[in-house]
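Worksheet: one structure, shown below.
Protein chains: 2
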Amino acid sequence: MNQDRSILQRHRAGYVPKGPELLLARPGNLRVVEGEAPACPDPDISGQFPHSSGKPVLTFRDGVEPVSTAALRVGVVLSGGQAPGGHNVIAGLLDGLLAAHPDSKLFGFLAGPGGILRGETVELTPEVVEPYRNTGGFDIIGSGRDKIEGDQQLQAAMNSCAELKLDGLVVIGGDDSNTNAAVMAEYFLAHGSRTSVIGVPKTIDGDLMNDWVEQSFGFDTATKVYSELIGNICRDAHSAKKYWHFIKLMGRSASHVTLECAMQIRPDVTLIGEEVEAKGMTLRQVAGTVVDAVIRRAEAGRNYGVCLVPEGLIEFIPEVGVLIRRLNDLLAKHDADKVVGMLPADSAEVFKELPEGIARQLLIDRDSHGNVQVSRIDTEKLLLELAAEQVKGKVKFSSQAHFFGYEGRCSAPSNFDADYTACLGRIAAVLLANGRTGYMCGVRQLSDPATDWEPCAVPVTALLHTETRHGERKPVIEKALVDLDGPVFQAFARQRESWVLGDCYLFPGPIQFFGPAEVVDRSTATLQLRSV
Amino acid sequence: MNQDRSILQRHRAGYVPKGPELLLARPGNLRVVEGEAPACPDPDISGQFPHSSGKPVLTFRDGVEPVSTAALRVGVVLSGGQAPGGHNVIAGLLDGLLAAHPDSKLFGFLAGPGGILRGETVELTPEVVEPYRNTGGFDIIGSGRDKIEGDQQLQAAMNSCAELKLDGLVVIGGDDSNTNAAVMAEYFLAHGSRTSVIGVPKTIDGDLMNDWVEQSFGFDTATKVYSELIGNICRDAHSAKKYWHFIKLMGRSASHVTLECAMQIRPDVTLIGEEVEAKGMTLRQVAGTVVDAVIRRAEAGRNYGVCLVPEGLIEFIPEVGVLIRRLNDLLAKHDADKVVGMLPADSAEVFKELPEGIARQLLIDRDSHGNVQVSRIDTEKLLLELAAEQVKGKVKFSSQAHFFGYEGRCSAPSNFDADYTACLGRIAAVLLANGRTGYMCGVRQLSDPATDWEPCAVPVTALLHTETRHGERKPVIEKALVDLDGPVFQAFARQRESWVLGDCYLFPGPIQFFGPAEVVDRSTATLQLRSV
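Listed in order, the protein sequences are those of chains A and B. Residue 593, in the numbering used here, is where the first sequence stops; the numbers in between run on with no holes. Residue 593, in the numbering used here, is where the second sequence stops; the numbers in between run on with no holes.
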């Protein structure tokens with residue numbers, strides 16, 4: 062890509078990420094402190110990870126003298142969907158490696174894990190990395206969705222690392238990619254490879270979360286971009302007094318993104334997938350929640366509003382989840398025009414309720430395995446059409462549909478994400494300088510000022526359990542869904558009723574990079590509420 | 062609405078708009094200077110506006126002593142779609158009126174021009190206005206799309222003004238609303254009303270532009286919001302290397318918004334409606350422009366890209382414009398399922414080329430007059446589907462469609478729009494204090510620092526010509542379309558070929574309210590290029 066930059070890019074390039082002093086000033090001096098080994102929740106895991114499970118949690122202390130280390134050779138790979146801050150992980154990693162030894166070298170595997178298999182790399186020198194500091198995107202080396210599975214691929218990955226004489230491999234990715242990092246760490250140990258493998262928790266979805274990883278990187282920035290836009294739309298709705306805006310938000314299964322945005326903006330209606338499932342709501346009942354608000358607001362003279370819809374909602378509606386699974390089974394064997402007649406009565410009833418466009422999407426819009434493409438279902442339009450049908454003749458109802466996702470994945474990182482990712486990269490470097498493998502980098506006390514953050518690392522195996530997939534027991538990191546008893550949902554649940562009629566909108570505005578600390582360093586409501 | 066505010070809102074509330082010193086420090090001292098009367102381009106206008114046409118352009122000078130004026134009573138109305146800065150026009154107007162006389166009073170007509178007819182007002186005291194300073198939206202008094210037409214309505218408007226004993230009425234709106242202001246000014250003069258009428262040029266579309274109004278307010282902020290998002294999507298496309306993103310942008314007929322965004326971001330393909338019309342391109346040729354880029358990029362290994370599509374494009378394609386007009390005529394008399402067979406051969410051919418979903422939209426999605434709803438046509442999806450069809454089997458092509466519009470209309474105003482609108486409001490106050498009517502407020506030298514701006518006012522009649530509508534000669538302000546010989550389009554045309562294969566993306570980032578002047582006070586490329 063050309064190296065021309067916008068005015069803001071030029072000014073932002075010079076931003077120096079904040080963090081705990083010992084991590085920023087002397088990462089080459091840091092020594093690890095071993096804590097307790099977390100209890101492994103699944104006994105199958107220790108069997109599958111004999112070399113890498115049972116390890117202690119790590120924190121860090123200043124070693125005063127630099128840790129004695131030879132120059133390190135490290136590879137890094139970006140895996141899965143983009144998240145703001147990826148470039149700063151790489152920059153922080155490079156800074157940490159050079160602090161450990163000035164002759165250290167960093168190599169980037171191109172286009173995701175597939176780049177490891179193909180042995181495609183580029184050296185990431187300070188000159189190469191410099192223009193990417195504090196920028197969005199994953200374009201410095203690209204990303205990909207390949208998984209490294211099975212002996213043959215694991216062997217190929219090990220060979221790639223051996224050929225480059227890598228001391229370490231850093232995998233920046235979500236739950237699957239970190240699981241994959243653990244699998245590689247185990248395989249490499251078992252087969253005498255000298256390459257340590259470290260994971261870095263990335264995803265805008267916010268569903269990679271545990272006691273050591275309080276928030277995945279990217280969530281802060283992406284939710285701020287969406288909140289800016291949703292706030293603007295609320296102001297438009299409140300000014301024009303004409304439309305109900307139905308806004309679908311990216312975030313895969315979990316509703317964290319939607320919940321965070323709701324806490325920032327206080328829209329009229331917010332649907333949370335996890336609650337819909339817990340209550341066993343039908344599609345008609347979910348639409349009924351919206352209809353109820355539409356009618357109550359109309360009675361108060363307000364024929365406008367904003368409704369947030371998490372991308373994963375549709376699968377959380379039990380009867381729709383069943384319908385989709387049945388359609389998938391039937392479509393595997395029969396033509397699309399035949400399957401509707403073959404559905405059991407309950408699913409046939411649900412299918413009949415669907416507006417025509419959505420029903421067509423279910424039957425026609427399928428992925429390469431022939432499955433219904435859930436993420437392509439226009440859930441916001443489905444709800445809008447169901448609501449329109451139910452309020453017809455009762456109240457005036459005009460609507461607009463929106464989907465926000467791609468707008469936030471590659472935004473330049475907020476201060477929070479720029480700081481956090483620079484720290485995560487340095488932590489990875491310290492772990493490698495200390496010869497650790499199979500760890501995921503973490504930071505605790507993320508709701509405190511960055512100088513007070515507490516770097517740590519958790520053995521990935523401590524986060525794994527096994528699930529049967531295609532008849533095999535596979536290790537997985539369970540996705541952290543919205544906890545309906547947790548402080549974030551509870552805070553939302555306490556307030557939402559007052560939002561229905563209150564026009565309580567807040568307007569968070571665009572991400573700011575200069576100005577008062579409480580503006581530029583503001584973290585998420587999710588973090589703040591969870592830390593109380 | 063509740064008065065809770067986000068952290069950024071609280072900090073932004075204290076922003077003091079910049080502007081020419083004499084306008085900010087002593088607006089109550091300003092005297093008007095009469096320049097030349099602009100040549101009236103249409104002789105019908107002087108006939109229709111005998112009392113208010115032929116007036117001179119006005120500029121201002123410091124009168125040293127305050128202009129002697131009694132307390133002024135002024136009404137203000139917001140008309141049409143939201144644009145960032147509307148609240149600051151009202152705040153600037155109030156500041157200017159109070160500077161002219163501390164007992165002056167401002168009244169807001171509720172929910173647009175209809176509020177004038179209904180005589181519905183709220184007093185806009187400093188306390189009422191305060192929380193709206195530097196905020197987006199039109200929600201302080203609401204807006205509406207009513208037009209005040211015909212003797213009966215004009216009389217009702219005059220009565221409303223008389224009842225409130227208004228010295229002045231300020232109409233904040235686009236071309237139609239400013240025309241309406243001129244009609245009221247004439248009617249009020251002709252019928253002995255003491256109420257002066259002043260217009261303020263608003264529209265995010267950028268199509269209200271002339272020698273005195275270099276840019277309508279709202280255009281700066283809205284294009285910056287869209288540019289942030291489009292830049293993020295370009296970064297996503299360049300990182301994921303997976304999708305072509307087709308992005309439709311609001312802006313009505315004119316392509317100014319799209320052209321401005323293109324200059325800020327340098328996307329792979331940008332379609333400009335005015336050029337399509339000038340070249341007489343067919344739908345197939347327009348799609349061909351996209352297909353050509355898709356194929357050339359694919360040959361360079363780039364199966365991704367970004368294409369900008371102005372909202373008004375579809376009507377600029379001559380054969381589609383003809384098709385839409387013919388469908389409107391036929392649908393007025395026949396059922397939707399009959400009309401396709403009744404189309405002349407050339408239009409039938411165009412209709413046949415349309416993807417099914419779009420064809421259905423044309424036939425079914427009609428407005429209350431039975432006309433095809435052009436603004437609801439998913440032009441971005443139309444192009445995407447036509448392109449997909451034409452590249453099928455040749456290159457890999459996956460795509461995503463976006464529409465940005467509502468996100469930008471109610472954003473909090475950029476510094477530029479906050480400053481500009483505060484000045485426009487004060488200019489309106491000075492004009493009223495000086496007893497002027499039938500003028501539109503303007504500012505020249507907008508590409509200079511705000512302190513060097515040159516306030517002015519132009520008689521609206523100098524911008525009018527007559528057109529036949531429904532058999533009557535009606536005054537209209539011609540919409541300023543993109544000038545294909547002008548400096549903005551020419552700068553775009555010189556560079557765009559290099560953007561097709563160059564991955565030349567710039568990432569403008571979010572609007573900044575704090576920080577270096579060249580970041581926070583940056584105006585549009587459109588303004589800068591036109592001022593050279």
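Using N, Cα and C, we set each Cβ at its ideal position, and we do this for glycine too.
{"Query": "Positions along the region 542 to 576 of chain A whose CB lies within less than 8 Å of some CB in chain B", "Result": "G563, D564, C565, Y566, L567, F568, P569, G570, P571, I572, Q573, F574, F575, G576"}
{"Query": "C-beta atoms of E321/A and T284/A nearer than 8 Å", "Result": "yes"}
{"Query": "P520/A vs V244/A beta-carbon contact at 8 Å", "Result": "no"}
{"Query": "R591/A - DSSP class collapsed to helix/strand/coil", "Result": "helix"}
{"Query": "Interface residues of the region 178 to 200 of chain B facing chain A [CB-CB below 9 Å]", "Result": "T196, G197, G198, F199, D200"}
{"Query": "CB contact below 8 Å: D582/B versus chain A", "Result": "no"}
{"Query": "Residue closest to H112/B, alpha-carbon to alpha-carbon, out of A406/B, R497/B, Q573/B, L567/B", "Result": "R497/B"}
{"Query": "Residues sharing a beta bridge with S460/A, DSSP", "Result": "W305/A"}
{"Query": "Residue range of the unbroken beta strand (DSSP E) whose run includes T182/B", "Result": "182 to 184"}
{"Query": "Ranges of the alpha helix (DSSP H) found wholly within the region 87 to 122 of chain A, counting only runs of at least 4", "Result": "104 to 109"}
{"Query": "Run of the beta strand (DSSP E) containing M501/B, from where it starts to where it stops", "Result": "500 to 505"}
{"Query": "Three-state class that DSSP yields for K442/A in the structure shown", "Result": "helix"}
{"Query": "8 Å Cβ cut-off: residues of chain A touching H395/B", "Result": "Those do not exist, as H395/B stays about 23 Å from chain A at its closest Cβ, beyond 8 Å."}
{"Query": "Contacts that G203/B makes with chain A (C-beta to C-beta distance below 7 Å)", "Result": "S300, K302"}
{"Query": "Beta-carbon proximity check, A462/A vs K442/A, cutoff 8 Å", "Result": "yes"}
{"Query": "Contact residues within the region 316 to 330 of chain B, judged by C-beta distance below 9 Å to chain A", "Result": "Q325, I326, R327"}
{"Query": "8 Å Cβ cutoff, E468/B in contact with chain A", "Result": "yes"}
{"Query": "Residue-level contact to chain A via CB, S429/B, 8 Å cutoff", "Result": "no"}
{"Query": "Residues bridged to L485/A (per DSSP)", "Result": "DSSP output for L485/A lists no bridge partner at all."}
{"Query": "Min CB distance I294/B to chain A below 8 Å", "Result": "yes"}
{"Query": "C-beta atoms of L230/B and V189/B nearer than 8 Å", "Result": "no"}
{"Query": "Distance between G503/A and R487/A (C-alpha atoms, nearest Å)", "Result": "11 Å"}
{"Query": "is_contact[E579/B, chain A] using C-beta, thresh 8 Å", "Result": "yes"}
{"Query": "N- and C-terminal bounds of the beta strand (DSSP E) containing I259/B", "Result": "257 to 262"}
{"Query": "3 or more residues per run - each beta strand (DSSP E) lying fully within the region 127 to 167 of chain A", "Result": "134 to 139"}
{"Query": "Proximity to V94/A [Cα-Cα], best of F550/A, S592/A, A518/A, A552/A", "Result": "A518/A"}
{"Query": "Under 8 Å between C-beta atoms of L154/B and S204/B", "Result": "no"}
{"Query": "Assumed close pair H526/B, P102/B - CB separation to whole angstroms, cut-off 8 Å", "Result": "6 Å"}
{"Query": "Cβ-based contacts, 8 Å cut-off: residues of the region 66 to 82 of chain B near chain A", "Result": "R66, S67, I68, L69, Q70, H72, R73"}
{"Query": "One or two residues paired with A518/B in a DSSP bridge", "Result": "L119/B, C502/B"}
{"Query": "Alpha-carbon spacing of Q11/A relative to D207/A, whole angstroms", "Result": "Chain A is shown only over 62 to 593; residue 11/A falls outside these bounds and no answer can be derived."}
{"Query": "Status (buried if at least 16 other CB within 10 Å, exposed otherwise) for H430/B", "Result": "exposed"}
{"Query": "Whole beta strand (DSSP E) elements within the region 223 to 262 of chain A, 3-residue minimum", "Result": "229 to 234, 257 to 262"}
{"Query": "G499/A and E210/A closer than 8 Å at C-beta", "Result": "no"}
{"Query": "Ranges of the alpha helix (DSSP H) found wholly within the region 401 to 446 of chain A, counting only runs of at least 4", "Result": "406 to 414, 417 to 425"}
{"Query": "Short CB-CB distance (under 8 Å) between A354/B and chain A", "Result": "no"}
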